[in-house]
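For the sequence shown, the positions run 80 to 340 when the working numbering is used.
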Amino acid sequence: MNKLISITLTFTLMVIVISSGCETSKVYQDLSIDEANKILLHKNGNEEMFYWELDDEKNLWEFELGHITALKLYRDSIKFELGDNKYKSAIQKESVQNLEKSLIENEENGDRINALLVHSGAVGEIRRINYLESQILNYQIGRFPLFSRPTEFHGFIAENEKEGKIKVYFGSSDTEWPPKPTIIIQEIDKELKRGWKLKYHLHNHYCKKDRDYIGILAPSLADAQYYKMLKERFNIEKSLITNGFHTVEIDNQDFAKFESH
Numbered sequence: 080m081n082k083l084i085s086i087t088l089t090f091t092l093m094v095i096v097i098s099s100g101c102e103t104s105k106v107y108q109d110l111s112i113d114e115a116n117k118i119l120l121h122k123n124g125n126e127e128m129f130y131w132e133l134d135d136e137k138n139l140w141e142f143e144l145g146h147i148t149a150l151k152l153y154r155d156s157i158k159f160e161l162g163d164n165k166y167k168s169a170i171q172k173e174s175v176q177n178l179e180k181s182l183i184e185n186e187e188n189g190d191r192i193n194a195l196l197v198h199s200g201a202v203g204e205i206r207r208i209n210y211l212e213s214q215i216l217n218y219q220i221g222r223f224p225l226f227s228r229p230t231e232f233h234g235f236i237a238e239n240e241k242e243g244k245i246k247v248y249f250g251s252s253d254t255e256w257p258p259k260p261t262i263i264i265q266e267i268d269k270e271l272k273r274g275w276k277l278k279y280h281l282h283n284h285y286c287k288k289d290r291d292y293i294g295i296l297a298p299s300l301a302d303a304q305y306y307k308m309l310k311e312r313f314n315i316e317k318s319l320i321t322n323g324f325h326t327v328e329i330d331n332q333d334f335a336k337f338e339s340h
């Protein structure tokens with residue numbers, strides 16, 4: 080009898096744990112980062128800089144994307160414009176890392192060298208866009224549709240391991256290039272003294288119609304220069320570039336391999 084009760088209790092606890100895990104996953108799928116509290120640092124017209132402070136949950140780094148209405152519309156617009164086959168081909172082209180490394184040796188264009196470093200697999204890792212990245216990009220596309228009014232943003236992700244928190248510092252405007260994030264950098268300087276660590280810099284890339292819209296997953300000359308500064312000043316761990324489908328992660332030890340200004 081006692082054995083039967085023990086088995087029943089064990090089974091009940093397993094069901095509760097599994098149900099709780101499913102519920103947590105469902106909650107994150109149903110949430111948007113828009114619902115998180117924004118702490119405003121600066122606003123001037125369409126230019127804004129702020130941060131979100133979030134619990135550092137594992138779901139943030141996984142691949143269930145939640146509500147990404149604006150990002151989905153962007154993807155659907157590209158698919159409608161290119162057609163199904165060309166759409167799939169364009170996404171695939173920008174996600175591969177199997178080009179011949181020998182192509183780098185005869186290349187003189189700095190941006191092209193950087194792209195070949197990533198797409199030959201010499202530097203960085205390309206993977207699917209994760210929950211947090213998709214939510215940040217979705218926020219910006221919700222403000223200014225990426226397909227018809229392309230913009231880029233700055234995202235700085237800091238971690239406080241002791242408190243189990245992250246802060247996502249965000250800077251953008253309605254212009255093609257993001258505003259200089261001087262205010263964010265000053266804020267990060269302060270937070271480092273309070274136990275925070277700057278982990279990642281995230282921004283998005285896009286292309287125009289003649290390049291099939293899918294953003295290049297490699298740093299430009301200006302990007303690479305900026306990464307080198309972030310490493311020197313903050314010892315940032317990684318840079319992240321997303322095109323709304325995939326993201327490339329680049330370790331700080333590889334920043335020096337890229338061409339820069």
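Glycine included, every Cβ here is placed at the ideal spot set by N, Cα and C.
Since the model is a prediction, treat every value here as computed from it, not as a measurement.
* Just confirm the distance between the C-beta atoms of tyrosine 130 and valine 247, as a whole number of angstroms; I'd bet it's less than 8 Å. => Indeed they touch by this definition, with Cβ atoms about 6 Å apart.
* Sufficient close CB pairs (3 or more, under 8 Å) joining the segment 318-338 to the segment 247-264 -> no
* CA-CA distance, glycine 323 and arginine 273? -> 33 Å
* Asked: Quick one: is glutamate 186 near chain D, going by C-beta distance under 8 Å?
  -> The structure shown contains no chain D; it is built from a single protein chain.
* When Thr261, Tyr292, Ile315 are compared against leucine 281, the one with the closest alpha-carbon -> Ile315
* Between which two residues does the beta strand (DSSP E) harbouring aspartate 134 extend? -> 126-134
* Asked: Distance, Cα to Cα, isoleucine 245 vs lysine 158?
  -> Answer to the nearest angstrom: the Cα atoms are 34 Å apart.
* Taking contact to mean at least 3 C-beta pairs separated by less than 8 Å, is the segment 181-193 in contact with the segment 119-138? -> Output reads no: the segment 119-138 does not touch the segment 181-193.
* Asked: Just how far apart, CA to CA, sit arginine 228 and isoleucine 262?
  -> 25 Å
* To do: Leaving out five residues on either side along the sequence, give the residues of the same chain with a beta carbon under 6 Å from the beta carbon of lysine 288.
  => none
* Assign alanine 335 to one of two classes, buried (16 or more other C-beta atoms within 10 Å of its C-beta) or exposed (fewer than that). => exposed
* Asked: For the alpha helix (DSSP H) that contains glycine 189, what are its first and last residues?
  -> 189-198
* glutamate 160 - containing beta strand (DSSP E), residue span -> Per DSSP, glutamate 160 belongs to no beta strand (DSSP E); it is in the alpha helix (DSSP H), 148-161.
* Boundaries (first-last residue) of the alpha helix (DSSP H) holding tyrosine 305 -> 300-313
* With distances taken from CA atoms, which of Ala297, Gln304, Ser339 is nearest lysine 172? -> Ala297
* **Assigned secondary structure, serine 77 (DSSP; H/G/I helix, E/B strand, else coil)** => Since the first residue of the chain shown is 80 and the last is 340, residue 77 is not available in this structure.
* Span separating the alpha-carbon of tyrosine 166 from that of asparagine 193 -> 24 Å
* Run the proximity test for serine 318: is its beta-carbon closer than 7 Å to any non-hydrogen atom belonging to the ligand GDP? => Because no ligand of any kind appears in the structure shown, any question about the ligand GDP cannot be addressed here.
* **Euclidean distance between Cα positions of glutamate 338 and leucine 300** => Each residue's Cα considered, the two are about 6 Å apart.
* Specify the secondary structure class of threonine 261 as computed by DSSP and reduced to three states. => Here threonine 261 sits in helix by DSSP.
* Buried or exposed: where does asparagine 283 fall if 16 or more other Cβ atoms within 10 Å of its Cβ makes it buried? -> buried
* Count the other C-beta atoms from every protein chain shown that fall within 10 angstroms of the C-beta of asparagine 217, then say buried if there are 16 or more, exposed otherwise. => buried
* Give the secondary structure of lysine 364 by DSSP, where H, G and I count as helix, E and B as strand, and everything else as coil. => Residue 364 is absent from the structure shown; the chain starts at 80 and stops at 340.
* Are there 16 or more other CB atoms within 10 angstroms of the CB of glutamine 332, so buried, or fewer, so exposed? -> exposed
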